[in-house]
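Undergrad: Chains as they are written, first to last, in the working numbering: chain A, -6 to 218; chain F, -6 to 218.
Ideal placement from N, C-alpha and C gives every residue a C-beta, glycine not left out.
Would you mind keeping the following structure in view while I ask a few things?
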DNA sequence: CATAAGTATTTTGTATACAATGTGATGGAG
DNA sequence: CTCCATCACATTGTATACAAAATACTTATG
């Protein structure tokens, strides 16, 4: 299952490796990503590394500053707020459209994902739990059949995952999350589009407060430097 | 007023030049952008050109295919539909939040922009008219004070402008556009958030039909090849 | 004449060398 | 001791050369 998928170019491979490294929290917010270091780690030259970094910049996993290079972004409180406010709107849109467009099979899949998450919670398997919850959101978006929306949400979620796995991140309350997912699913099943939209919005805004707490902790910690 | 602003790097300059060239319709949808050509046009080497192309890919003004290069995207009907559906949601969000957050000064600015657009229409100055209408949308988004939303809308609008100036694009009905802008502004002024959201949504969805007509014309024209 | 294989050419991908810029240390003046 | 100028070093920016892949063309073959 750990099959290494062959990618057509070195740049692409570097992109995927760095993508995993960033999202798994291997770097600290604010850290400068030096091209030389990456070339040594991956054993390739600077050209494909720069290519990969620009691709990562595209997803906001890095920010570039001319003549300074690339770094892991450090969100301000306002940026985090804006980020979540937008994501709340889009997840709400997804829930609304899913209520109108999801097939019975889609709803069955969402049910299965929710129950699998529930089992993982009871088994204290937080890794699988998080994975199932992510899948739940992804599949809800997929039900809308709007690829632009799916892509936008993927990007926003990646930007948030960036920080979720980091040292300062507060862990979400899993039972609370599951309960909210259940409520969204309930609305979608009953084709209650507006209620689904509102549930999804509330759900995201709840996680904002958790993120803000975590950021405050991080800032007071690193401010000690 | 045509002052050339100095940019810190050649890549950045190339990016801005190409950005203008693409948005002003200098390339045909589906056209391959060859690195060599760009180096000769701009008198620079391939490295900063590749850099600039990747930056443009970030805004979906280009798409890259490994070992083939970059090309101007050709939208399908479904892609165009998804694009506009998402933009309608975000412009609606912007109008809603603007109703709640716009200052009196903001509303005054929107009024001025609308009246300037109106004058341009009467003077048959379509260039200024389009510019003012764009500014109207930009400033409406700015009123929300959500930078993520502003950036997302900028990106979506650029993707649409890409096609608007092209040969196949139908011209919008200016009087109709102005009337809809006036209605949005009316709702914002009265702090009627939900009505503003709905007006903005309808406004965008109206322009979808125009775009679809244009795309159909383009496809039947180029299909003759 | 159509088709397919093989070769030539074009184009992108990668590596490396050099230039330009930014950072940090060093040392002197106030 | 603090501040500022200067210089050395580190890092990114750019150009160019070569490698690999894709395309176009030619030619042989049915």
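Suppose you measure from the CA of residue 30/A to the CA of residue 176/F; what does that come to, to the nearest Å?
TA: Roughly 56 Å separates the two Cα atoms.
Undergrad: Which runs of the alpha helix (DSSP H) at least 4 residues long sit entirely within the stretch 78 to 129 of chain F? Give them in chain order.
TA: Within the stretch 78 to 129 of chain F, the complete alpha helix (DSSP H) runs of at least 4 residues are 97 to 115.
Undergrad: Are there 16 or more other CB atoms within 10 angstroms of the CB of residue 107/A, so buried, or fewer, so exposed?
TA: Under this definition residue 107/A is a buried residue.
Undergrad: If we cut at 8 Å on Cβ distances, does residue 157/F have a partner in chain A?
TA: Taking Cβ atoms only, chain A never reaches closer than 8 Å to residue 157/F, which makes this a no.
Undergrad: Can you give me the C-alpha to C-alpha distance between residue 269/A and residue 88/A, rounded to a whole angstrom?
TA: There is no way to answer for residue 269/A, as the model of chain A reaches only from -6 to 218.
Undergrad: Quick test of your reading: residue 122/F and residue 167/F, contact by CB under 8 Å. State the CB separation rounded to the nearest angstrom.
TA: 6 Å between Cβ atoms; contact.
Undergrad: Any beta carbon of chain A sitting closer than 8 Å to that of residue 8/F?
TA: Output row for residue 8/F: interface = no.
Undergrad: Residue 69/A versus chain F: which residues are under 8 Å apart at the beta carbon?
TA: Within 8 Å Cβ-Cβ: nothing; residue 69/A doesn't reach chain F, min ~10 Å.
Undergrad: When you compare each of 200/A, 65/A, 109/A and 49/A to residue 76/A by their alpha carbons, which one comes out closest?
TA: Considering only alpha carbons, the answer is 200/A.
Undergrad: To the nearest angstrom, how far is the alpha carbon of residue 7/A from that of residue 78/F?
TA: The alpha-carbon atoms of residue 7/A and residue 78/F are separated by roughly 34 Å.
Undergrad: Is the Cβ-Cβ distance between residue 146/F and residue 83/F less than 8 Å?
TA: Against a cut-off of 8 Å, the Cβ pair of residue 83/F and residue 146/F comes out as a contact.
Undergrad: Which residues mark the beginning and the end of the alpha helix (DSSP H) in which residue 51/A is found?
TA: First-last of the alpha helix (DSSP H) with residue 51/A: 39 to 51.
Undergrad: Counting only beta-carbon separations shorter than 8 Å, does residue 145/F have a partner in chain A?
TA: Yes - at least one Cβ of chain A is within 8 Å of the one on residue 145/F.
Undergrad: Curious, which full-length alpha helix (DSSP H) runs of at least 4 residues does the stretch 127 to 184 of chain A contain?
TA: Qualifying alpha helix (DSSP H) stretches, in chain order: 140 to 157 and 167 to 182.
Undergrad: Is there at least one Cβ from chain F nearer than 8 Å to residue 196/A's Cβ?
TA: No, because no Cβ of chain F sits closer than 8 Å to the Cβ of residue 196/A.
Undergrad: Between residue 14/A and chain F, is any beta-carbon pair separated by less than 8 Å?
TA: False, the Cβ-Cβ gap to chain F never drops below 8 Å.
Undergrad: Please report the distance separating the alpha-carbon of residue 219/A from that of residue 27/A.
TA: The first residue shown for chain A is -6 and the last is 218, placing residue 219/A beyond what the model contains.
Undergrad: Find the residues of chain A that neighbour residue 139/F, judging by a C-beta separation of less than 7 Å, and give them in chain order.
TA: Under the 7 Å cutoff, chain A gives 75, 78 and 79.
Undergrad: Grab me the residues of residue 45/F's own chain with a C-beta within less than 7 Å of its C-beta, minus the 5 sequence neighbours each way, in chain order.
TA: Contacts found: 4, 7, 8 and 11.
Undergrad: Check residue 58/F in the structure and name its three-state DSSP category.
TA: In the structure shown, residue 58/F sits in a strand (DSSP, three-state: E or B).
Undergrad: Between the Cα of residue 171/A and the Cα atoms of 51/A, 105/A, 18/A and 95/A, which residue gives the shortest distance?
TA: When only C-alpha atoms are compared, the closest one is 105/A.
Undergrad: Please list the terminal residues of the continuous alpha helix (DSSP H) segment that includes residue 15/A.
TA: Start and end: 3 to 16.
Undergrad: Quick one: give me the first and last residue of the alpha helix (DSSP H) that residue 34/F is part of.
TA: 28 to 35 is the span of the alpha helix (DSSP H), which, as asked, contains residue 34/F.
Undergrad: Helix, strand or coil: how does DSSP classify residue 20/A here?
TA: Residue 20/A falls in the coil class under three-state DSSP.
Undergrad: On the CB-based measure, 16 or more other CB atoms within 10 Å of its CB, does residue 58/A come out buried or exposed?
TA: Result: exposed.
Undergrad: Going straight from the alpha carbon of residue 35/F to that of residue 41/F, what length do you get?
TA: Rounded to the nearest angstrom, the two C-alpha atoms are 10 Å apart.
Undergrad: Taking 8 Å as the CB-CB cut-off, is residue 60/F touching chain A?
TA: Yes, contact with chain A.
Undergrad: Look at the Cβ atom of residue 85/F, then the Cβ atom of residue 190/F, and state whether they are nearer than 8 Å.
TA: It is a contact, given that the beta carbons lie within the stated cut-off.
Undergrad: Going by CA-CA distance only, name the one from 109/A, 103/A and 152/A that's closest to residue 131/A.
TA: Considering only alpha carbons, the answer is 103/A.
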